[in-house]
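Working notes, structure below.
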Amino acid sequence: MKKLVFITFLCIAQIAISQNYKFGKVSEEELLEKTNPDYPEANATVLYKKQQISFEYIQGKGFIQKNEIQERIKIYNKEGFDYATRLVRLYDGSSSYGESLNGLKAVTYNLDGGKIIEDKLKKDGIFEEETNKNWKTSKFTMPNIKEGCVIEFEYTIESQLSGIDDIEFQELIPIRKLEIKLKTPEYYVYKTFLNPRASYIPVLNNSKENRTITFSNKERTTTNRVSSTQNYTSTRDYIDNVVEANLSNIPPLKTESYVDNLSNYQAKLIVELERIQYPGESIEYLSTSWEKVTKTIYDYPEFGDQLNKKGYYNSDVDAILTGITDPQQKAAIIFNYVKSKVKWNEYHGYTTDAGVSKAYKEGVGNVADINLMLTSMLRYAGLNANPVLVSTKSNGIPLIPTRTGFNYVICALETSDSAILLDATQKFSTADILPTKALNWLGRLIRQDGSSDWIELIPKISSRESVSLNIKLNSDLSANGKVRNQFTNYQAFRVRDRFENYNTDEMIESLEKGKGELEISNFEIENMNDVSQPVTQSYDYVFNNAMEDIGGKLYLTPMLFLAPDENPFKENVRNYPIDYVYPIADKYMINIMLPDGYAIETMPESVKYQFNISDGEFTYLARQNGNMLQFTISLDLNKTLVLPSDYEQYKKFYQLMIEKQTEKVVLKKI
Numbered sequence: 001m002k003k004l005v006f007i008t009f010l011c012i013a014q015i016a017i018s019q020n021y022k023f024g025k026v027s028e029e030e031l032l033e034k035t036n037p038d039y040p041e042a043n044a045t046v047l048y049k050k051q052q053i054s055f056e057y058i059q060g061k062g063f064i065q066k067n068e069i070q071e072r073i074k075i076y077n078k079e080g081f082d083y084a085t086r087l088v089r090l091y092d093g094s095s096s097y098g099e100s101l102n103g104l105k106a107v108t109y110n111l112d113g114g115k116i117i118e119d120k121l122k123k124d125g126i127f128e129e130e131t132n133k134n135w136k137t138s139k140f141t142m143p144n145i146k147e148g149c150v151i152e153f154e155y156t157i158e159s160q161l162s163g164i165d166d167i168e169f170q171e172l173i174p175i176r177k178l179e180i181k182l183k184t185p186e187y188y189v190y191k192t193f194l195n196p197r198a199s200y201i202p203v204l205n206n207s208k209e210n211r212t213i214t215f216s217n218k219e220r221t222t223t224n225r226v227s228s229t230q231n232y233t234s235t236r237d238y239i240d241n242v243v244e245a246n247l248s249n250i251p252p253l254k255t256e257s258y259v260d261n262l263s264n265y266q267a268k269l270i271v272e273l274e275r276i277q278y279p280g281e282s283i284e285y286l287s288t289s290w291e292k293v294t295k296t297i298y299d300y301p302e303f304g305d306q307l308n309k310k311g312y313y314n315s316d317v318d319a320i321l322t323g324i325t326d327p328q329q330k331a332a333i334i335f336n337y338v339k340s341k342v343k344w345n346e347y348h349g350y351t352t353d354a355g356v357s358k359a360y361k362e363g364v365g366n367v368a369d370i371n372l373m374l375t376s377m378l379r380y381a382g383l384n385a386n387p388v389l390v391s392t393k394s395n396g397i398p399l400i401p402t403r404t405g406f407n408y409v410i411c412a413l414e415t416s417d418s419a420i421l422l423d424a425t426q427k428f429s430t431a432d433i434l435p436t437k438a439l440n441w442l443g444r445l446i447r448q449d450g451s452s453d454w455i456e457l458i459p460k461i462s463s464r465e466s467v468s469l470n471i472k473l474n475s476d477l478s479a480n481g482k483v484r485n486q487f488t489n490y491q492a493f494r495v496r497d498r499f500e501n502y503n504t505d506e507m508i509e510s511l512e513k514g515k516g517e518l519e520i521s522n523f524e525i526e527n528m529n530d531v532s533q534p535v536t537q538s539y540d541y542v543f544n545n546a547m548e549d550i551g552g553k554l555y556l557t558p559m560l561f562l563a564p565d566e567n568p569f570k571e572n573v574r575n576y577p578i579d580y581v582y583p584i585a586d587k588y589m590i591n592i593m594l595p596d597g598y599a600i601e602t603m604p605e606s607v608k609y610q611f612n613i614s615d616g617e618f619t620y621l622a623r624q625n626g627n628m629l630q631f632t633i634s635l636d637l638n639k640t641l642v643l644p645s646d647y648e649q650y651k652k653f654y655q656l657m658i659e660k661q662t663e664k665v666v667l668k669k670i
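Following the UniProt record's numbering, the numbering of the sequence shown begins with 1 at its first residue and continues without gaps.
The following block contains the structure:
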């Protein structure tokens with residue numbers, strides 16, 4: 001038995017040793033692989049990834065950062081085709097410090113009749129898009145993608161920037177082999193740390209390498225009226241600090257429902273430049289505090305200076321505020337004016353693109369153009385308004401003080417006891433109703449005097465959905481009646497955003513989808529564009545097969561087509577927090593008219609379930625009033641985040657709620 005195990009081990013070892021990761025050396029075995037044996041649910045697998053970041057000294061330019069990437073990916077099925085497109089973000093903020101994508105090679109490999117067929121990426125498969133004035137994106141899509149193919153690409157990003165992007169050790173698909181090497185010159189002192197929120201912790205090795213810089217110089221001399229040029233070289237030795245990782249069989253990031261941003265939990269190395277010190281020169285400290293970061297941003301011409309410009313709007317603002325003295329009215333008028341005057345161009349950023357004057361004139365601008373303009377106008381009207389720097393959910397939660405930790409800006413209108421948050425980029429936003437992408441923990445409020453403070457972005461007031469459901473039961477086992485929904489705050493924002501471009505038929509179709517034999521008529525929606533009011537929906541319905549007739553008894557779920565289908569929390573263990581984004585308060589009021597000739601045999605009992613005492617509460621009240629059954633069902637979630645440590649308790653709470661909402665009334669003949 002021991003001999004068999006040993007032989008098996010040798011076979012596995014031989015396969016690992018014989019695997020050739022050199023570019024272009026894709027094997028038939030890789031192309032024949034149908035699934036990942038360790039992760040059979042994976043749509044694709046990174047067979048090999050190599051990333052080396054180093055700095056090369058170029059005379060006249062200094063240290064140039066080189067980020068060399070080679071990647072080989074196996075695509076198992078059509079769901080894995082997304083991995084055949086690669087986006088590479090490049091800094092394009094200045095001619096001196098721009099980034100370039102060089103040496104791109106990419107090949108798709110397919111197996112045809114036992115022969116490996118290669119399709120090389122052509123120039124027409126490479127695109128470049130401007131993200132904003134500081135960033136551009138190079139995009140390429142691999143040719144001839146098929147189920148079972150292997151793709152391979154390599155490229156180098158060259159940059160004069162000393163900042164290093166996070167080095168990722170984990171993706172949404174498994175990684176079979178990963179080689180990472182980071183080499184930084186001793187003159188650049190970096191702090192490195194692993195993402196503390198990640199569950200996968202890679203092993204890193206630290207070492208040092210000797211390097212030499214060679215300088216070339218020319219010296220021109222004149223002797224006896226004869227000029228000559230002499231070339232000579234000099235060298236300087238220095239040390240590279242090296243961080244390496246050689247990893248195998250890295251698990252994919254596990255996707256879970258209700259997660260804010262998976263990259264917050266991704267295994268990665270975060271690298272921060274702490275200081276620069278060249279021989280014989282003073283130390284330049286770069287590691288900083290949030291106070292210094294916000295002060296630096298405020299001093300940008302594309303930020304602080306924009307707040308001081310008033311000439312382009314003052315006469316217009318004076319006109320719309322004529323006769324208005326109430327501060328709340330002033331704020332509302334200016335907020336709505338900016339929303340209607342300047343449309344968002346879908347670019348993020350805390351610095352302006354066009355500049356506020358041009359954005360105002362042309363009627364279009366980025367986030368900073370619009371919200372810095374809003375802040376300036378509110379100040380002009382005598383209100384205490386200040387910008388708030390934000391990191392959107394897609395940008396992650398900043399772990400260290402850095403300017404790239406922010407990528408968005410909103411406005412805070414400060415009163416004596418609170419701050420009202422405003423974002424004029426969104427048509428349906430209102431006071432304290434921001435786009436959900438901006439509800440990312442904390443923002444940094446910056447005042448005119450240079451002081452700054454953290455301000456909480458998570459809403460405290462619940463967003464409500466109130467539902468009135470009237471039910472008439474019919475002899476053909478169908479039910480008909482009327483539904484009326486009312487939505488407030490973020491629930492209203494969600495409905496407005498979802499249905500903005502829908503006509504009535506499309507709205508009805510979306511409500512009927514997945515609801516069985518439901519037919520909706522007489523649909524009405526009110527206050528879609530009046531953001532000061534709740535959104536209301538009402539409609540008539542017919543629901544066929546609403547009841548089951550078993551042995552002459554009728555079985556009915558009181559919530560009908562509004563009952564939940566299943567518990568989304570099925571896993572025994574939760575890796576990441578459940579993020580509901582905002583507090584929720586849902587309430588259903590249901591009235592059921594008993595059919596003639598039937599009485600209640602059994603009906604659900606009234607219950608109350610609680611989660612963590614006050615974090616969540618589910619209430620189910622049932623009573624009979626003559627020939628009417630009345631149910632009041634409510635769910636209040638006061639805490640927007642459920643931590644993994646509370647998951648088991650929350651899963652039980654949610655399961656009890658699902659079971660109660662799907663419990664049946666039993667009617668018998670009389």
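All residues carry an ideal CB built from backbone N, CA and C; glycine is no exception.
Using three-state DSSP, classify residue i as helix, strand or coil.
i, result
"K3", "Bear in mind that the predicted position of K3 carries a pLDDT of just 43, short of 50, making it unreliable; the figure below should be weighed with that in mind. Three-state DSSP puts K3 in a helix."
"D299", "coil"
"G62", "strand"
"Y83", "helix"
"P185", "strand"
"Q170", "coil"
"L643", "coil"
"D316", "helix"
"T8", "Caution applies to T8, whose pLDDT of 39 falls short of 50 and renders its modelled position unreliable; the model cannot decide the point."
"K191", "strand"
"S263", "helix"
Could you tell me whether the Cβ atoms of residue i and residue j are closer together than 7 angstroms?
i, j, result
"E209", "D240", "yes"
"A438", "I370", "no"
"V293", "R447", "no"
"N522", "P583", "no"
"T192", "L269", "yes"
"I520", "Y502", "no"
"K310", "Y360", "no"
"I167", "A84", "no"
"P327", "L383", "yes"
"N345", "V367", "no"
"A267", "L204", "no"
Using only alpha-carbon positions, find the residue among the options that is nearest to residue i.
i, options, result
"G481", "I590, D646 and E500", "I590"
"L47", "K664, D38 and N371", "D38"
"I250", "D260, P202, Y278 and L273", "P202"
"K136", "L469, I658, F127 and I471", "F127"
"A585", "S634, S234 and T602", "S634"
"K22", "E71, V388, N470 and Q630", "E71"
"Q51", "N102, K66 and V542", "K66"
"T156", "L90, T296 and T392", "L90"
"C149", "S27, S289, M593 and K570", "S27"
How should residue i be labelled, buried or exposed, when 16 other C-beta atoms within 10 angstroms of its C-beta is the threshold for buried?
i, result
"I17", "Unreliable positioning characterises I17 in this predicted model, as indicated by a pLDDT of 44, which lies under 50. The coordinate reading is nonetheless provided below. Exposed, since its Cβ has fewer than 16 Cβ neighbours within 10 Å."
"S100", "exposed"
"C11", "Note that C11 has pLDDT 43, beneath the 50 cutoff, so the model's placement of it is unreliable and no number is given."
"S463", "buried"
"L643", "exposed"
"F335", "buried"
"V573", "exposed"
"S376", "buried"
"I670", "exposed"
"R498", "exposed"
"I173", "buried"
What span of residues does the beta strand (DSSP E) with residue i cover, start to end?
i, result
"L374", "Note, L374: premise wrong, no beta strand (DSSP E); alpha helix (DSSP H) at V367 to Y380."
"P387", "A385 to V390"
"F618", "G616 to N625"
"E154", "V150 to S159"
"V495", "Where V495 is concerned, there is no enclosing beta strand (DSSP E), although the alpha helix (DSSP H) it sits in stretches over N489 to F499."
Could you give the residue range of the alpha helix (DSSP H) that holds residue i?
i, result
"F653", "Y647 to Q661"
"N308", "G304 to N308"
"D565", "D565 -> no alpha helix (DSSP H), and no H or E assigned at all."
Does the beta carbon of residue i sit closer than 7 angstroms to a beta carbon anywhere in chain D?
i, result
"G396", "Of the chains in the structure shown, none is chain D; there is only one protein chain."
Could you tell me if the beta carbon of residue i falls within a distance shorter than 6 angstroms of some heavy atom in the ligand HEM?
i, result
"E281", "No copy of the ligand HEM appears in this structure; indeed no ligand is present at all."
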